[in-house]
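Everything on this sheet refers to the single structure shown next.
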Amino acid sequence: MAGGMAGGMAGGMAGGGAMAGGAVGGVGVGGAGARAGVGGGACGCEVEAGPAVMSYVGGGCGDYIQETTYKYVGCGAGEFDVVATRKANYTCLFVGGGVGVLVLVIIVVLLLLPGSTTTTTPLTTALPFNCNTRDNPDMWSIAKKTYCCANGGIGCPEPTTPAPTPPPTPPPTPPPTPPPTPPPKPSLPYDCNAGFNNWQAGWSAGKKAWCCTHASRGCAPTSKMCTLWGDPHVISFDQMNTDKSQAYSFYGDGDFWLVKSSTVSIQGRFEGTKYTEGLAATNRIVVGGAFLHGHKIEVGTLDSGILTVDGRAVIAGFPGAYHQEGWSVTYDSEGNVPDVIPEGNEKRVVHMTLPLGVKVTVFQWKNYMDVQIEMSKQPGQDGVCGNFNGNQGDDTTQAIMARV
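The opening residue of the sequence shown carries number 1 in my numbering; numbering runs sequentially from there.
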């Protein structure tokens with residue numbers, strides 16, 4: 001049985017090998033040739049390594065089935081077949097790999113070889129400078145900068161803004177034209193500022209008239225008259241007329257201010273007399289003040305014999321006169337008596353012509369006097385003759401004594 005199975009298996013393998021070898025390999029005859037053909041077609045890298053043994057080749061692929069014994073059932077009808085033991089042949093692997101590497105190298109070399117192209121290089125003239133270098137143009141030489149700026153617009157110096165042209169210097173300002181010299185003023189006949197402080201006594205009548213007209217200086221102020229007569233009756237500066245019936249009477253014995261101001265001072269003494277039946281009457285006056293520059297003029301009754309300047313008798317006889325700079329005293333019998341000449345008296349009159357237009361006239365009688373004072377208003381004026389305010393009502397004895 002063993003011989004028959006071996007023979008049948010061999011015959012079958014031989015037949016199958018011939019069929020497989022003819023179909024796949026196309027070369028070789030018999031069992032060995034057929035297997036060689038199949039191996040070459042499938043892998044080409046396995047060879048038989050020993051005698052064939054029974055091996056499992058899969059359902060429908062072998063010639064035998066497994067039993068307690070193997071039975072040949074025909075080619076391809078069983079499950080087992082005789083397969084020769086195989087081992088790996090690395091020679092085929094090395095040869096195949098070397099061939100592959102060689103083919104790859106040939107392909108790379110072919111790709112890197114330049115193509116056979118024909119180029120025409122134009123004939124160019126060498127340039128003096130390469131203007132396309134990547135260095136800083138500021139480092140170039142002046143010649144390269146000039147060339148590249150002219151031929152490529154590279155390396156040109158940055159345009160500089162010219163400094164603004166300063167405005168032209170203005171011509172010097174000419175000095176201001178001085179005003180034309182006024183023509184000389186015609187000489188004036190009088191200087192109205194000179195001596196104005198003492199104009200009433202120091203200026204001539206012509207200067208007073210000229211300066212009053214042209215400079216409103218030296219004009220005679222409005223003068224008024226105060227009259228004292230009898231025991232005494234008083235027509236003050238503020239009485240608007242000379243009506244004796246409207247005059248006030250001043251009651252009192254002693255020394256009183258007839259005129260008191262910052263410039264003119266005139267003081268009177270009132271005492272009782274036989275003629276006035278014991279009532280007070282004027283019996284002495286003293287004229288002084290700033291307008292006389294320290295001088296003092298004193299006049300009393302005829303019985304007293306007082307007619308002095310600065311305490312000295314300056315008029316020895318009758319008539320007579322005494323003169324000082326700017327003022328004078330005259331002693332005569334001229335003038336209108338404000339009342340009547342008392343019985344048994346001779347007319348004796350003292351005329352004082354004083355600065356500031358002040359005029360004092362004293363009518364001397366034996367034991368009393370009548371007095372007239374003519375003047376303009378002076379600063380702060382007050383007294384028995386009134387305060388020169390145009391209001392006679394405040395010139396009573398009580399009002400005057402309360403003020404002065």
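We treat Cβ as the ideally placed atom computed from N, Cα and C, and that holds for glycine. Keep in mind the model is a prediction, meaning the values are calculated, not measured.
| query | Sorted by chain position, which residues of the same chain lie with C-beta nearer than 7 Å to Asn193's C-beta, five sequence neighbours on each side aside? | reply | Position 193 of the sequence shown, counted from the first residue, corresponds to residue 193. Same-chain partners within the cutoff: there are none.
| query | Assuming Asp423 and Asp370 make a contact with CB atoms under 8 Å, what is their CB distance in whole Å? | reply | Because residue 423 is not part of the residues shown, which for the chain are 1 to 404, the question remains open.
| task | Please determine if the region 91-106 and the region 61-76 are in contact, where contact requires at least 3 C-beta pairs separated by less than 8 Å. | result | no
| request: Return helix, strand or coil for Ser245, following the three-state DSSP convention. | output: Counting from one through the sequence shown, the residue named residue 245 turns up at place 245. Residue state, collapsed to three classes: helix.
| message | Under 8 Å: do the region 358-377 and the region 282-290 share three or more Cβ pairs, one atom per stretch? | response | yes
| field | Three-way DSSP call (helix, strand, coil) for Trp199 in this model | value | Translated into the one-based positions of the sequence shown, residue 199 becomes position 199. The answer is helix: DSSP assigns Trp199 an H, G or I state.
| CA nearest to the CA of Thr396, picked from Phe250, Ala215, Val82 | Residue 396 sits at position 396 when you count from the first residue of the sequence shown. Cα-wise, what sits closest to Thr396 is Phe250.
| said: With distance defined between alpha-carbon atoms, name the residue in Gly380, Gly386, Asn136, His323 nearest to Phe256. | reply: For this step, residue 256 is matched to residue 256 along the sequence shown. Here the closest residue by C-alpha is Gly386.
| task | Consult DSSP for Tyr322 and reduce its assignment to one of helix, strand or coil. | result | The residue labelled residue 322 in the question sits at position 322 within the sequence shown. The answer is strand: DSSP assigns Tyr322 an E or B state.
| task | Classify Phe270 as helix, strand or coil using the three-state DSSP reduction. | result | Within the sequence shown, residue 270 is the residue found at index 270, counting from 1. Residue state, collapsed to three classes: strand.
| said: Give me the residue from Glu374, Cys212, Pro168, Pro379 with the minimum Cα distance to Ser262. | reply: Within the sequence shown, the letter at position 262 stands for residue 262. Per the Cα distances, Pro379.
| Which term fits Cys148, buried or exposed, when burial requires 16 or more other beta carbons within 10 angstroms of its beta carbon? | As a first step, residue 148 must be located in the sequence shown, where it is residue number 148. The residue in question, Cys148, is buried, as its Cβ has 16 or more Cβ neighbours within 10 Å.
| task | Name the two residues that bound the continuous alpha helix (DSSP H) containing Tyr147. | result | Locating residue 147 in the sequence shown gives position 147, where the first residue counts as 1. 142-152 is the span of the alpha helix (DSSP H), which, as asked, contains Tyr147.
| By Cβ distance, which residues of its chain are closer than 8 Å to Asn345, with the 5 residues on each side in sequence left out? | For this step, residue 345 is matched to residue 345 along the sequence shown. Leu302, Trp365, Lys366, listed in sequence order.
| said: Here's a check: name, in chain order, each residue in its chain whose Cβ is nearer than 7 Å to the Cβ of Ala215, leaving out the five neighbours to either side. | reply: By 1-based counting over the sequence shown, the position of residue 215 is 215. So the list reads Cys192, once near-sequence residues are dropped.
| Among residues of its own chain, excluding the 5 on either side of Trp229, which ones have a beta-carbon nearer than 7 Å to its beta-carbon? | Here the question's residue 229 lines up with position 229 in the sequence shown. Closer than 7 Å at the Cβ level, and outside the excluded window around Trp229, lie Pro338, Asp339, Asp370.
| said: Would Gly59 and Phe80 be called neighbours here (beta carbons separated by less than 8 Å)? | reply: On the sequence shown, position 59 is the one that residue 59 refers to. On the sequence shown, position 80 is the one that residue 80 refers to. Not a contact, by the Cβ cut-off of 8 Å.
| Beta-carbon proximity list for Val329, same chain, < 6 Å, skipping 5 on both sides | Locating residue 329 in the sequence shown gives position 329, where the first residue counts as 1. Once the five neighbours on either side are set aside, the close Cβ partners of Val329 are Tyr322, Met352.
| said: So Asn198 and Gly326 are supposed to be a Cβ contact under 8 Å. How far apart are they, rounded? | reply: In the sequence shown, the residue the question calls residue 198 occupies position 198. In the sequence shown, the residue the question calls residue 326 occupies position 326. Yes, Asn198 and Gly326 are in contact; Cβ-Cβ is about 7 Å, under 8 Å.
| message | Suppose you measure from the CA of Trp105 to the CA of Thr91; what does that come to, to the nearest Å? | response | Here residue 105 is taken as the residue at index 105 of the sequence shown, counted from 1. Here residue 91 is taken as the residue at index 91 of the sequence shown, counted from 1. The sequence shown places Val at residue 105, not Trp. Approximately 21 Å between the Cα atoms of the pair.
| request: List the endpoints of the continuous alpha helix (DSSP H) containing Cys212. | output: Translated into the one-based positions of the sequence shown, residue 212 becomes position 212. Element bounds for Cys212: 205-215.
| query | Is the beta carbon of Cys219 sitting closer than 8 Å to the one on Cys226? | reply | The residue labelled residue 219 in the question sits at position 219 within the sequence shown. The residue labelled residue 226 in the question sits at position 226 within the sequence shown. No, Cβ-Cβ distance for Cys219 and Cys226 is not below 8 Å.
| task | Confirm, please, whether the CB-CB distance from Gly390 to Val404 is below 8 Å. | result | The residue given as residue 404 occupies position 404 in the sequence shown. The residue given as residue 390 occupies position 390 in the sequence shown. No, the Cβ-Cβ distance between Val404 and Gly390 is not below 8 Å.
| request: Check whether the region 157-167 touches the region 134-143, counting contact only when three or more Cβ pairs, one atom from each stretch, lie closer than 8 Å. | output: no
| Exposure label - Gly413; buried when at least 16 CB within 10 Å | The structure shown has nothing for residue 413, since the chain only spans 1 to 404.
| Should Ala247 and Ile235 be called a contact, given that it needs their Cβ atoms to be closer than 8 Å? | What you label residue 247 is simply residue 247 of the sequence shown in a count that begins at 1. What you label residue 235 is simply residue 235 of the sequence shown in a count that begins at 1. Yes. Within cutoff.
| task | Run the CB neighbour count on Cys43, radius 10 Å, all protein chains shown included, and call it buried at 16 or more, exposed below. | result | Numbered from its first residue, the sequence shown carries residue 43 at position 43. Low per-residue confidence applies at Cys43: pLDDT is 39, beneath 50, and the placement is therefore not dependable enough to give any value.
| field | Cα-Cα separation between Val314 and Lys296, rounded to whole angstroms | value | Along the sequence shown, read from residue 1 onward, the residue named residue 314 stands at position 314. Along the sequence shown, read from residue 1 onward, the residue named residue 296 stands at position 296. If I take the Cα positions, the gap works out to 12 Å.
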